[in-house]
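In this note's numbering, the protein residues as written are 87 to 333. Glycine residues also receive a C-beta, built at the ideal position from the N, C-alpha and C atoms. Computed from a predicted model, the values in this text were never measured in an experiment. Only one structure is covered here, and it is reproduced in the block below.
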């Protein structure tokens, strides 16, 4: 009986191992997500120097809309999971003729369907909390003082920007964990073809996610931007314009 659930055990080990790798391992600081954390903080530091923050508010609204979309997707997944549990007999009879699908144990299908529900519920809670944290980030953005006018205001503006940036980083990490759960659920669905297929599907998805975090063109673009700054000549504010001679 236990051999039927090796796939679930393998899925849990792979999911936890991947989470440790990108969140807590010594290599975590080299991931795309961790590199973007620095840009989130820099964004808020730059925000503190702007008196008009319409652009910042629009970016926050865009983040909220994206998180809300995925939260709705996770909620739909929960509903689909409940529907699958209540309609197992028709589903099992519909796929029973497929040679590589295991439809011999109803209990196994119920357990696997419950596991899928747990994954989508976890993702929904992560997205819901990320949405709330982005709201907090927007409040901290609004609480950050206007363009510095004196030394005290400058210090408070920097403290406010740091708080807003740190809150935005936490929100981003919660959102990433929700996305990770949705992606890994695709590998989990391979359980209908057997435990080995489930482990193989989960490994495939985890491999794709690792590639995106450590070897993706997006990460290369961030690194290229850092390297390019050493080659860019930024003109002085007092430099003469083209076609004009310095006095």
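Of the residues the options, the one placed nearest residue i, counting alpha carbons only
{"i": "residue 143", "options": "169, 289 and 230", "result": "230"}
{"i": "residue 232", "options": "245, 220, 222 and 221", "result": "245"}
{"i": "residue 207", "options": "175, 159 and 254", "result": "159"}
{"i": "residue 198", "options": "170, 251 and 103", "result": "170"}
{"i": "residue 200", "options": "132, 163, 121 and 138", "result": "163"}
{"i": "residue 215", "options": "259, 107, 285 and 248", "result": "259"}
{"i": "residue 295", "options": "91, 96 and 101", "result": "101"}
{"i": "residue 107", "options": "305, 300 and 304", "result": "300"}
{"i": "residue 242", "options": "291, 289 and 135", "result": "135"}
Nonlocal neighbours in the same chain, by C-beta distance under 6 Å from residue i, ignoring five residues either side
{"i": "residue 268", "result": "209"}
{"i": "residue 99", "result": "none"}
{"i": "residue 256", "result": "219"}
{"i": "residue 276", "result": "283, 284 and 287"}
{"i": "residue 281", "result": "92 and 93"}
{"i": "residue 264", "result": "209, 212 and 213"}
Reduced DSSP category for residue i - H, G, I as helix; E, B as strand; rest coil
{"i": "residue 208", "result": "helix"}
{"i": "residue 43", "result": "With the chain running from 87 to 333 in the structure shown, residue 43 is simply not present."}
{"i": "residue 160", "result": "helix"}
{"i": "residue 142", "result": "helix"}
{"i": "residue 231", "result": "coil"}
{"i": "residue 300", "result": "helix"}
{"i": "residue 116", "result": "helix"}
{"i": "residue 280", "result": "coil"}
{"i": "residue 111", "result": "coil"}
{"i": "residue 154", "result": "helix"}
{"i": "residue 105", "result": "helix"}
{"i": "residue 136", "result": "coil"}
{"i": "residue 173", "result": "coil"}
Pairwise C-alpha distance: residue j and residue i
{"i": "residue 114", "j": "residue 302", "result": "15 Å"}
{"i": "residue 146", "j": "residue 262", "result": "16 Å"}
{"i": "residue 266", "j": "residue 196", "result": "23 Å"}
{"i": "residue 309", "j": "residue 298", "result": "14 Å"}
{"i": "residue 306", "j": "residue 153", "result": "25 Å"}
{"i": "residue 279", "j": "residue 194", "result": "12 Å"}
{"i": "residue 217", "j": "residue 92", "result": "35 Å"}
{"i": "residue 177", "j": "residue 161", "result": "21 Å"}
{"i": "residue 172", "j": "residue 137", "result": "56 Å"}
{"i": "residue 124", "j": "residue 252", "result": "10 Å"}
{"i": "residue 128", "j": "residue 273", "result": "36 Å"}
{"i": "residue 116", "j": "residue 165", "result": "37 Å"}
{"i": "residue 240", "j": "residue 119", "result": "30 Å"}
{"i": "residue 111", "j": "residue 105", "result": "9 Å"}
Beta-carbon contacts of residue i that lie in its chain and below 7 Å, excluding the five residues immediately before and after
{"i": "residue 254", "result": "126, 130 and 223"}
{"i": "residue 167", "result": "199, 202, 203 and 206"}
{"i": "residue 121", "result": "305 and 308"}
{"i": "residue 157", "result": "210, 213, 214 and 217"}
{"i": "residue 149", "result": "220"}
Own chain, CB closer than 8 Å to residue i, minus 5 neighbours either side, in chain order
{"i": "residue 133", "result": "139, 142, 227, 230, 247 and 250"}
{"i": "residue 174", "result": "192, 195, 196 and 199"}
Residue i beta carbon near the ligand MG (any heavy atom closer than 8 Å)
{"i": "residue 140", "result": "No copy of the ligand MG appears in this structure; indeed no ligand is present at all."}
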